[in-house]
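To keep things clear, I will list the structure first and then write my remarks on it.
Protein chains in written order, with this note's numbering: chain A, 48 to 163; chain B, 185 to 496.
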């Protein structure tokens, strides 16, 4: 039976792959942001598995990567919030959040602006 | 026993991640994501990272979840149109292939990690006495790698400036978020009255104990932010207009104290962010006490979003 660090390390590898797939294959911007956070969870967990392997002297893991993870999770939240706010503003402004190359028709856009 | 528990936990996390990716409805995906964040926190406990588990549960699951739920609710009308833009089968196959390669490469790397693992734990243990704190993570965050933590506090502040800058012209400098009204005798208003006193106590405890045991300022600040947002959502208090001077002073006070202590270190201890001998613990506590209110306010306002209403 493998130890917790290896098990969660492999789990993290699968999470990163899943997130990368959804980041590319899902056309909805909000779903891409969620997928990005799934990747983030995997990357953090991988780093945590590596920290766990550095356990020594009564510490359950290497404290330096663990402290950096706390920083990383807070920064990931900030970036997510920024992306979500941008998306909500885009929806408010154009009535759609498409990432497709064709811009919305000017007539449609004006109609939305009038309604808003 | 522990192995079975860990395997079950890993499988459950994977299943929730798959649900988050494949769920048709974005709202359902977000609910899956929140559960995913909470289970990740449990995995952190199993990896002996209790401090990280606390922050993952509070921010990774809690605050990010709240942010995504609000976004999913607001974007519901646009969902059908964008869903139709799904790429074709060849593109999805290519994406799956790439994702498979990434996973394989990472898995190989995990299995090939060096043994014995490199670690900074002995160095941390050897130098911790000089900082006077008992929690090695706090020692790293505020002494050995204090520069990272300072920059992090500033990054969070810059993110808030970014969020505010998405305000439409008519609401510039106004109040973030919609005006919340709720039944004053309803369950939400009741919870928003009962929970914050307990939450504030828990937050202060988690913050204060962080010097010796798992916990700390980010965890405490997230709980404070959540309590304030609960009161906002119940309509008991309103978000302040972002142009208020007191608000801006409160936001920069924490990082400003941090920088001031760092600059004093350059004069009295020979390096930026160095602490004079014997004064490390009081200075660390001073920085943390100054950071908690600023961080709580910043996190809460990031979550509240761009200004939407005029300041009247």
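Quick reminder that beta carbons are idealized off the backbone N, C-alpha and C, glycines included.
Predicted model, so just to flag it, every value in this text is computed and none were measured.
One or two residues paired with residue i in a DSSP bridge
| i | result |
| --- | --- |
| residue 106 of chain A | A:103 |
| residue 491 of chain B | B:360 |
Cβ-Cβ separation, residue j to residue i (assumed contact under 8 Å), whole Å
| i | j | result |
| --- | --- | --- |
| residue 412 of chain B | residue 484 of chain B | 5 Å |
| residue 219 of chain B | residue 213 of chain B | Rounded, the Cβ-Cβ distance is 11 Å, inconsistent with contact. |
| residue 125 of chain A | residue 409 of chain B | No, residue 125 of chain A and residue 409 of chain B are not in contact; Cβ-Cβ is about 13 Å, not under 8 Å. |
| residue 101 of chain A | residue 425 of chain B | Wrong, their Cβ atoms sit about 48 Å apart, outside the cutoff. |
| residue 457 of chain B | residue 331 of chain B | 6 Å |
| residue 120 of chain A | residue 240 of chain B | 6 Å |
| residue 117 of chain A | residue 442 of chain B | Not quite, the Cβ-Cβ distance comes to about 16 Å (not below 8 Å), so this is no contact. |
| residue 244 of chain B | residue 223 of chain B | 11 Å between Cβ atoms; not a contact. |
Chain A contact residues for residue i, given Cβ-Cβ distances below 8 Å
| i | result |
| --- | --- |
| residue 294 of chain B | 53, 56, 57, 59, 60, 93, 96 |
| residue 197 of chain B | 58, 62 |
| residue 258 of chain B | 135, 138 |
| residue 336 of chain B | 118, 121, 122 |
| residue 387 of chain B | Residues of chain A passing the Cβ test: none, with the nearest at roughly 16 Å. |
| residue 190 of chain B | 51, 54, 55 |
| residue 267 of chain B | 74, 75 |
| residue 464 of chain B | What residue 464 of chain B touches in chain A: nothing, since even the nearest Cβ is about 16 Å away. |
| residue 243 of chain B | 120, 121, 124 |
| residue 220 of chain B | 85, 88 |
| residue 247 of chain B | 124 |
| residue 284 of chain B | 64 |
| residue 270 of chain B | 72, 73, 74 |
| residue 347 of chain B | 128, 129, 132 |
| residue 217 of chain B | 81, 84, 85 |
Neighbour list for residue i in chain A, Cβ cutoff strictly below 9 Å
| i | result |
| --- | --- |
| residue 340 of chain B | 121, 122, 124, 125 |
| residue 332 of chain B | 114, 115, 118 |
| residue 429 of chain B | Per Cβ cutoff of 9 Å: no residues; residue 429 of chain B is ~23 Å from chain A at best. |
| residue 297 of chain B | 52, 53, 56, 96, 97, 100 |
Under 7 Å between C-beta atoms of residue i and residue j
| i | j | result |
| --- | --- | --- |
| residue 255 of chain B | residue 351 of chain B | no |
| residue 480 of chain B | residue 405 of chain B | yes |
| residue 315 of chain B | residue 323 of chain B | yes |
| residue 423 of chain B | residue 488 of chain B | yes |
| residue 388 of chain B | residue 399 of chain B | no |
| residue 463 of chain B | residue 445 of chain B | no |
| residue 88 of chain A | residue 99 of chain A | no |
| residue 198 of chain B | residue 216 of chain B | no |
| residue 85 of chain A | residue 64 of chain A | no |
| residue 482 of chain B | residue 363 of chain B | no |
| residue 427 of chain B | residue 357 of chain B | yes |
| residue 228 of chain B | residue 237 of chain B | yes |
| residue 127 of chain A | residue 248 of chain B | yes |
| residue 69 of chain A | residue 205 of chain B | yes |
| residue 190 of chain B | residue 60 of chain A | no |
| residue 179 of chain B | residue 329 of chain B | The structure shown has nothing for residue 179 of chain B, since chain B only spans 185 to 496. |
| residue 395 of chain B | residue 317 of chain B | yes |
| residue 104 of chain A | residue 437 of chain B | no |
| residue 90 of chain A | residue 266 of chain B | no |
| residue 106 of chain A | residue 320 of chain B | yes |
| residue 366 of chain B | residue 415 of chain B | no |
Within chain A, the residues that residue i reaches when beta carbons sit closer than 7 Å
| i | result |
| --- | --- |
| residue 306 of chain B | 103, 104 |
| residue 303 of chain B | 101, 103, 109 |
| residue 490 of chain B | 132, 136 |
| residue 232 of chain B | 99, 102, 107, 108 |
| residue 194 of chain B | 54, 55, 58 |
| residue 235 of chain B | 113, 117 |
| residue 263 of chain B | 75 |
| residue 276 of chain B | 72 |
| residue 228 of chain B | 95 |
Under 7 Å by beta carbon: chain B residues contacting residue i
| i | result |
| --- | --- |
| residue 148 of chain A | None at all; the shortest Cβ gap to chain B is about 10 Å. |
Taking contact to mean at least 3 C-beta pairs separated by less than 8 Å, is the stretch 258 to 273 of chain B in contact with the stretch 133 to 144 of chain A?
yes
Is it true that the stretch 231 to 251 of chain B meets the stretch 113 to 122 of chain A, where meeting means three or more beta-carbon pairs spaced less than 8 Å apart?
yes
At a cut of 8 Å, does the stretch 277 to 294 of chain B reach the stretch 443 to 452 of chain B through at least three beta carbon pairs?
no
Are at least three pairs of beta-carbons, each pair with one atom in the stretch 367 to 385 of chain B and one in the stretch 463 to 479 of chain B, less than 8 Å apart?
no
If you pair each beta-carbon of the stretch 53 to 71 of chain A with each one of the stretch 193 to 208 of chain B, do three or more pairs fall below 8 Å?
yes
Just checking, does the stretch 319 to 336 of chain B make contact with the stretch 358 to 376 of chain B on the three C-beta pairs under 8 Å criterion?
no
Determine contact between the stretch 264 to 279 of chain B and the stretch 73 to 81 of chain A, defined as no fewer than three beta-carbon pairs at a distance below 8 Å.
yes
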